[in-house]
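2 protein chains.
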Amino acid sequence: MEKEREALQTWKERIAKELDSVVAFWLKHSHDREHGGFFTCLGRNGQVYDDLKYVWLQGRQVWMYCRLYRNFERFRRPEILDAAKAGGEFLLRFARVAPPAKKCAFVLTRDGRPMKVQRTIFSECFYTIGMNELWRVTKDARYQNEAVEMMDQIIRWVREDPAGLGRPQLSGAPASESMAVPMMLMNLMDQLSEEDEAMTKKYAELSDWCAQRILKHVQRDGKAVLENISDDGKELPGCLGRHQNPGHAIEAGWFMLQYARKKGDTKLRAQVIDKFLLLPFRSGWDTEHGGLLYFQDVDGFCPTQLEWDMKLWWPHSEAMISFLMGYSDSGDPALLQIFKQVAEYTFKHFHDPEYGEWFGYLTREGKVALTIKGGPFKGCFHVPRSLAMCEQLLGALLQRGSAPAGSK
Amino acid sequence: MEKEREALQTWKERIAKELDSVVAFWLKHSHDREHGGFFTCLGRNGQVYDDLKYVWLQGRQVWMYCRLYRNFERFRRPEILDAAKAGGEFLLRFARVAPPAKKCAFVLTRDGRPMKVQRTIFSECFYTIGMNELWRVTKDARYQNEAVEMMDQIIRWVREDPAGLGRPQLSGAPASESMAVPMMLMNLMDQLSEEDEAMTKKYAELSDWCAQRILKHVQRDGKAVLENISDDGKELPGCLGRHQNPGHAIEAGWFMLQYARKKGDTKLRAQVIDKFLLLPFRSGWDTEHGGLLYFQDVDGFCPTQLEWDMKLWWPHSEAMISFLMGYSDSGDPALLQIFKQVAEYTFKHFHDPEYGEWFGYLTREGKVALTIKGGPFKGCFHVPRSLAMCEQLLGALLQRGSAPAGSK
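Sequence lines, in order, name chains W and P.
Just so we're aligned, residue -13 is where the first sequence starts under the working numbering, counting upward by one.
Just so we're aligned, residue -13 is where the second sequence starts under the working numbering, counting upward by one.
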C-alpha cells in the first residue's frame, strides 16, 4: 500500500500548506488592534467591508487560535496568543447583554455595544468554547470560570427552563428539537471534558443523553436523518419535519464517531458511519455538478429556502473531517475515497489561489456566488478547524503504518 | 400612433388572459374548505406541500379576492367572495395571538393556533388591508371596525411607542428606519381613504409624513435609494446602510406616483420617476442576463445575503406596475419601453405555461431555482395585483385615445 501512503502524504502536505495560508489570511486582515476582537466581514482580498462583531464568530476565532496554539508547534506564536486574549477580553467585557445575566448578544458594534440578540443558545455556546480553550493555553482561571458557569446556564436552558432565552410559548408551536441543540451540547462537553476527569464524570449522563437525542433524528426506518423532530422523538408535520441538512448530519457524524470511540462501541461506530456519513452523503451529493446540496426535503418536494441548492463551504469542511475520521476509525477504504472526492471538489471550487482563504457560497453549478471571505456567519472556524483536524488525522494515519487502527 | 395602440392592446389582452389563469390557479388549489383561509404552500402543479397559514398571505389573499370582485365584472363571482369571507373570518378568529391585544401571529397552524410571532408591524398591516377591502364588498361593519382599530394601533407602534412589538431596546442598535415602514403606512392609508373623505382628512398629515420619509431614502446627493436610513434621515454605517433593494425602491415609486397624482404635483412626479423608477432600474437591471437583481450594495461590495443575485417574481411584478403607471402619468415613451422590457422578461421566465401561476425564484441566469408556486412569502398577491393593475392601466390608456393625460 505504498501508493496509498503516498496519497495520504500528498494530502497531508497540501492540507498543511492550505492551513498556513488560511491562518495567515486571518492574522493579516481580521485583528481589531483598537478594541480587541476580530473583524469577520472581509471581502475577497481581506478588505473589511463592515466592522460589526458577531459573537458566534468572536468566540469561534478565540477557540480556533488557542487550539492551533496549543496543538501545532508552528502556530505557537505570541501574535496568535495575544490576539486570542484580546478577543477573550472583548467577549468578557461586552458579550453579555445585561450582566450578570448570562444571555449574550448575537452581534455587537465594533466597540462592543449590543445590536441584536438571538433567542437561542448558540452565542453562549461559542462564548463557552472560546473561554475554555483560552483557559487551556493561559491557565487564567477567569476564563474557565466563565466557561463553566455559562455551560451550566446553557444546560438549564435546554433541559429545565428555556424562559431566559426570550422565546414566547405559543400554542401552535410544536414541541420540537433541532439536531443542532444536542450536537452543540456534545461539542461543548467534548471541549470541557478534555483531559479533565471531574468534568468527564459531571457530564457522563448528559453526554449519553445527547447521543441518544442525536440518534433519534434517524427517522423513516433508518432511511433518513431529519433535522427537526418532536420532543418525543417523532417526525414533525410539514416542511419543518421533512427538512434535511446533509452537511449538518455529516458533521453530527464526526461528533458521534468521537463519542463511539470514547465508549469503545464499534457497533455504534458502524451505525454512525452508515446513518450519519453515507446516508446523507448519498442523498446530498449533487451527482450532476458535484458538491453537497445545502438543504433537501425528504419527500423530494422543493425546499422553500432560497439557498437550498447552493454549495456552502462548511458542509464540505465538515465532510472532509467526517470521512477521514470514519476511515481512520474503521479502515474502510470507501470512506477514504469519499474524503478524496469531497476534498478535490473543495480545493477546486472553494479555495481562492489568489487571495487565500475559501469562498463560502457557490451556485449549484460551482460558480462563486458571493465573493466574501467572511461575513455574519463565516469566520475563522470551519475551514481552519477542518484543515487542522485533517492534518492531524493524516499524520496519525501515516505514523501508525499501513493499516488504520480499527481496520476491518 | 396606431402601432403603439396595437401594442398596448396586445399587452392588455395578454395580461388579462394571464390574470384569468393566475386567479384560476388559486381558486383551484388554495382554499381550505374545512377551516377557512388559504393554503399558500403550493408546489408547481398546485399540490399542497405544507398546510401552515402565514398571516401576511392570508390577509393579502382576502384583499386580492375582494379587490378583484369589486373592480372586475368577470371576477364578481360567489366562489371568490365566499372564499374571501371565509379567509376574513379565519383571520378575525385566529390572527391575534392574545386578544384583545392587537399583535398578530406571523404563522398559524391550519386550524389557527399561533406558531410564530414577528416583532414587526407587517402581519397587522396585511390583516388591515384584508379587513378594509372585505368591508368594501360586504359592508359588514365588523370588518371595518377591525381595520380602523388595527390601523390606529399600527400608527401608535410606528410613531409613539414600539414597545408592544416586543423588540428589546439595545444600546448598539442604531435608531434606523426601513423604507418598508413608511411605504406600508402609505399603502394602508390609500386603502382606507379610498372614496372616504373622513379618512382622507384623518390621514392627511400622516400621508405627507410618509411621503417625506420615503423621499429621505434618496441619499448620496440623489444618486441612490438606500433601504435603511437613520431616524434623522442620514446614511447608516456598514452593510445595513449600504443595502439596496431595487425592486422595493421601484415599488415605492408607484406608491409615490399615486401620492403625487393626488397632490397634483407634477414636479414631485418627475422627481419620483427619476429617483424611484429610473435610478434603481438602471442600477438593478442585470445587463448580462436580464432581470432585476434582488439586493445590491451601493458601494459595489458583495452583499452578504445568499440570494442577492437571484431574480424574484415580486420586484418584476412591481416594476411592471411602476413603469406602466409612470408612462400613463407622464407620457414618457421611455417608461413604456422599460415596461415592455420588464414584462417580456417576466412572461418569458416567471410564467409557467404548463401549470399556471408564476415561479417565484430564478437563478441569476434565469433558470428556475425553486419550483414552488407559493410558500411562506409568496401567495396570491403580487402577481394578480400587478396583472390587475396593469390591465386597468392599459384599459385607461386605450380609452383616453392616443396621448396619455399628462403627456409632455
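We put the beta carbon where it would ideally sit given N, CA and C, even for glycine.
Between the beta-carbon of residue i and the beta-carbon of residue j, is there less than 8 Å?
i	j	result
P:L310	P:C366	no
P:Y51	P:A81	no
W:F24	W:D37	no
W:L121	W:Y113	Looking at the sequence provided, one finds Trp at residue 121 of chain W rather than Leu. No, Cβ-Cβ distance for W:W121 and W:Y113 is not below 8 Å.
P:A256	P:Q230	no
P:R56	P:K359	no
W:K326	W:G346	no
W:G361	W:C27	yes
P:Q139	P:K88	yes
W:V48	W:G22	no
W:Y40	W:V93	yes
P:Y35	W:C90	no
W:L297	W:R350	In the sequence as presented, Leu is not what sits at residue 297 of chain W; that position holds Lys. Cβ atoms of W:K297 and W:R350: closer than 8 Å.
P:G158	W:T186	no
P:L156	W:P100	yes
W:L380	W:L(-6)	yes
P:V233	P:G352	In the sequence as displayed, the identity of residue 233 of chain P is Gly instead of Val. No, these two residues do not count as a Cβ contact at 8 Å.
P:D374	P:L54	The question names Asp, but residue 374 of chain P in the sequence shown is Ala. Yes.
W:D126	W:L243	no
P:W299	P:Y280	no
P:K202	P:G219	yes
According to DSSP, is residue i helix, strand or coil?
i	result
P:L94	strand
W:R0	helix
P:V211	strand
W:V34	strand
W:W271	strand
W:M296	coil
W:D283	strand
P:P339	coil
W:K102	strand
Which residues of chain W have a Cβ atom closer than 7 Å to the Cβ of residue i, listed in chain order?
i	result
P:D37	G224
P:L94	G158
P:R99	S157, G158
P:G361	T290
P:T357	C288
State yes or no: is the C-beta of residue i nearer than 7 Å to some heavy atom of the ligand SAM?
i	result
W:D68	Summarising the ligand content, the structure contains no ligands, and the ligand SAM is consequently not present.
Kindly list, in the order they appear in chain W, the residues whose Cβ is closer than 8 Å to that of residue i.
i	result
P:I107	Within chain W, no residue comes near P:I107; the closest Cβ sits about 17 Å away, beyond 8 Å.
P:M296	L292
P:G29	F287, C288
P:I215	Going along chain W, no residue has its Cβ under 8 Å from P:I215, so there is no contact; the nearest lies around 17 Å.
Chain P partners of residue i, CB-CB under 8 Å?
i	result
W:T26	In chain order: nothing, as chain P lies at least about 11 Å away.
W:V103	P154, L156
Cβ closer than 9 Å: which chain W residues qualify as neighbours of residue i?
i	result
P:F345	Result: empty, since nearest Cβ-Cβ is about 10 Å, beyond 9 Å.
P:C90	By Cβ distance, chain W contributes nothing, its closest Cβ being about 12 Å from P:C90, past 9 Å.
Starting from residue i, find everything on chain P with Cβ-Cβ shorter than 7 Å and list it in chain order.
i	result
W:T349	T349
Checklist entry - Is the number of C-beta pairs between the region 212 to 223 of chain P and the region 179 to 187 of chain P that are closer than 8 Å three or more? => result no
Next on the checklist: Three or more C-beta pairs under 8 Å: does that hold for the region 194 to 213 of chain P against the region 319 to 339 of chain W?
Outcome noted: no
Next on the checklist: List, from N- to C-terminal side, the alpha helix (DSSP H) runs of 4 residues or more that fit wholly inside the region 347 to 389 of chain P.
Outcome noted: 368 to 385
Checklist entry - Are three or more beta carbon pairs between the region 236 to 254 of chain P and the region 281 to 290 of chain P nearer than 8 Å? => result no
Item to check | Contained alpha helix (DSSP H) runs [length at least 4] in the region 126 to 177 of chain P, N- to C-terminal order | outcome: 127 to 145
Next on the checklist: Three Cβ pairs or more, each shorter than 8 Å: is that satisfied between the region 81 to 97 of chain W and the region 53 to 62 of chain W?
Outcome noted: no
Item to check | Whole runs of the alpha helix (DSSP H) within the region 186 to 256 of chain P, excluding any shorter than 4 residues | outcome: 190 to 202, 224 to 228, 232 to 249
Checklist entry - At what residue ranges does the region 20 to 77 of chain P contain a whole run of the beta strand (DSSP E), taking only runs of 3 or more? => result 34 to 36
Item to check | Cβ contact (3+ pairs, closer than 8 Å) linking the region 295 to 304 of chain W and the region 244 to 264 of chain W | outcome: no
Checklist entry - Three or more C-beta pairs closer than 8 Å, one from the region -13 to -5 of chain W and one from the region 7 to 21 of chain W: is that the case here? => result no
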